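Colleague: Reminder that position 211 of the sequence shown reads as 211 in UniProt numbering, one-by-one numbering, no gaps.
From the three backbone atoms N, C-alpha and C, an ideal C-beta is built for every residue, glycine too.
Computed from a predicted model, the values in this text were never measured in an experiment.
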Amino acid sequence: MLADTAVVGRLGTPQLGGLAVASTILLTGYAVFVFLAYGTTASVSRLVGAGQPDRAAHQAVQSMWLAVGLGLVVTALGLALAPALVDLMGASDTVRPHALVYLRISLVGVPALLVTLAGTGYLRGLQDTRTTLVVAVVSVAGNLALQLVLIYGFDFGIGASALSTVIAQMGAAAAYVRKIAADVRSRDIGVRPELAAIRRVAVVGRDLFFRTLALRLALTVATAVAARLGTVELASHQIAFEIWSFLALVLDALAIAGQALVGRLLGAERPDDARQAGRRLVEWGAAAGCLLAVVVAVASPALPRLFTDDAAVVRLAAFLLLAVAVLQPVNGVVFVLDGVLIGAGDMAFLAKAMVVAALVFVPAALVVVALDLGIGWLWVAIGLLMGARVVMLGSRFAGDRWLVTGSAR
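#1: Pair every Cβ in the stretch 202-217 with every Cβ in the stretch 143-157, then say whether three or more of these pairs are closer than 8 Å.
#2: Name the two residues that bound the continuous alpha helix (DSSP H) containing alanine 370.
#3: Let me know the alpha helix (DSSP H) ranges lying completely inside the stretch 272-321, each 4 residues or longer, listed in chain order.
#4: Which of the three DSSP states, helix, strand or coil, is assigned to isoleucine 189?
#5: Starting from the N-terminal side, write out each stretch of the alpha helix (DSSP H) that is 4 residues or longer and does not extend beyond the stretch 71-114.
#6: Could you give the C-beta distance for serine 186 and glycine 121, rounded to a whole number, given that I count them as a contact under 8 Å?
#7: Helix, strand or coil for glutamate 242? Go by DSSP, reduced to three states.
#8: Just checking, does the stretch 180-196 make contact with the stretch 157-164 on the three C-beta pairs under 8 Å criterion?
#9: Would you be able to state if there are at least three C-beta pairs under 8 Å between the stretch 131-151 and the stretch 50-64?
#10: Does the separation of the CB atoms of glycine 205 and glycine 263 fall below 8 Å?
#11: Below 8 Å on the Cβ atoms is my guess for arginine 305 versus valine 298; work out the distance and round it to an integer in Å.
#12: Have a look at arginine 104 and glycine 78 and give me their C-alpha separation to the nearest angstrom.
#13: On the three-state DSSP scale, how would you describe arginine 401?
#14: Given leucine 117, which residues of its chain have a CB within under 7 Å of its CB, disregarding the five upstream and five downstream residues?
#15: How is the alpha helix (DSSP H) around alanine 32 delimited, first residue to last?
#16: Determine, for phenylalanine 307, whether the minimum Cβ-Cβ distance to residues of chain B falls below 8 Å.
#17: I believe leucine 113 touches tyrosine 30 by the beta-carbon criterion, under 8 Å. Please report the beta-carbon distance rounded to the nearest angstrom.
#18: Return the CA-CA distance between valine 326 and phenylalanine 307, expressed in angstroms with no decimal places.
#19: I need the DSSP call for alanine 160, collapsed to helix, strand or coil.
#20: By Cβ distance, which residues of its chain are closer than 6 Å to glutamate 233, with the 5 residues on each side in sequence left out?
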């Protein structure tokens with residue numbers, strides 16, 4: 001979405017607002033199904049640590065079948081409900097048509113996106129981060145290049161941005177299918193869907209689904225509040241949140257390492273090493289967060305100009321980026337703890353903790369819109385969300401209940 005934001009922002013503030021609304025809906029759908037990646041990583045790494053690589057490969061195949069089925073259902077429902085979803089987000093009359101165009105085209109790529117998640121989870125569980133990095137870089141570069149050609153070369157609108165992203169998603173999905181198919185053939189494992197196995201994959205991801213759903217609902221409320229504060233506020237929030245999301249991906253590198261490493265160590269029945277690895281990753285997460293905070297704070301006046309020429313949006317987004325900077329050290333710790341506990345398979349606790357954090361955030365966000373306090377206070381509420389998460393996850397990590405060993409939790 002970062003490339004989309006940079007390109008679409010040049011089309012105008014209404015288009016950028018439309019992207020903000022549509023991308024929030026899409027990212028909510030993406031995030032609630034991220035268990036296809038995270039859950040697969042945790043399960044595969046445990047199985048590999050326990051010396052059962054064939055079972056790990058079989059689980060990957062069934063995860064991909066589950067991804068295809070869920071993707072088709074989401075696409076069908078999303079296309080039917082698109083107008084209602086955009087209206088629910090509070091889009092203005094100038095923003096609504098752009099949001100609908102982007103949303104409808106993007107929904108076509110959901111099955112490919114979910115297959116990519118499942119494939120990513122399997123390779124991360126094997127600690128094959130090189131392949132996932134190559135696929136991600138090629139996909140992002142291809143997406144950006146295609147957007148530049150279609151929008152600036154042929155003067156197409158926001159729909160071309162969505163189409164470029166869909167094509168990139170399909171390419172990434174094809175790469176993962178080819179890679180995993182080769183691995184499966186080398187192990188002589190069946191590739192047909194097995195209902196019982198698919199059901200087991202779904203059960204593993206159930207708590208993670210609810211954890212992520214609570215988080216995305218909270219962030220969706222944030223965008224809905226921003227939309228009701230005004231078009232400039234919504235566009236500024238979109239820029240700040242896209243940079244926040246990009247930084248989250250940077251910090252997620254440590255979280256993903258935590259998922260794979262902790263899962264493998266617990267699968268190999270080495271709980272002390274798992275705790276030590278988690279502690280070291282948390283330290284690195286805090287340090288990385290502090291470094292990113294400095295970078296964002298220094299660059300805050302210039303970064304918004306990469307996305308828009310609207311002077312009002314640039315000024316407000318630069319202000320919001322200071323909040324983004326302040327929260328980075330907290331984010332670094334939260335994301336790593338999240339990854340460590342996912343790797344440990346502690347999904348039930350993560351779901352409960354996220355619901356509590358969302359219940360802290362949502363009332364605060366609603367007060368912002370009810371009292372018309374301004375977009376800055378919305379980011380204070382986001383700070384409360386992250387603060388609640390760091391307290392709960394830190395307390396869990398300090399205890400021993402997450403240290404369960406063996407091939408399955």
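Modeller: On the basis of the data shown:
#1: no
#2: 347-370
#3: none
#4: coil
#5: 96-107
#6: Incorrect: roughly 19 Å between the Cβ atoms, too far for contact.
#7: helix
#8: no
#9: no
#10: no
#11: Actually they do not touch by this definition, with Cβ atoms about 15 Å apart.
#12: 8 Å
#13: coil
#14: Phe33, Val34, Leu36, Ala37 and Ala67
#15: Checking the sequence, you will find valine at residue 32 rather than alanine. Valine 32 -> alpha helix (DSSP H) spans 13-32.
#16: The chain labelled as chain B is not found in the depicted structure, where only one protein chain is given.
#17: 6 Å
#18: 21 Å
#19: helix
#20: Ala226 and Ile375
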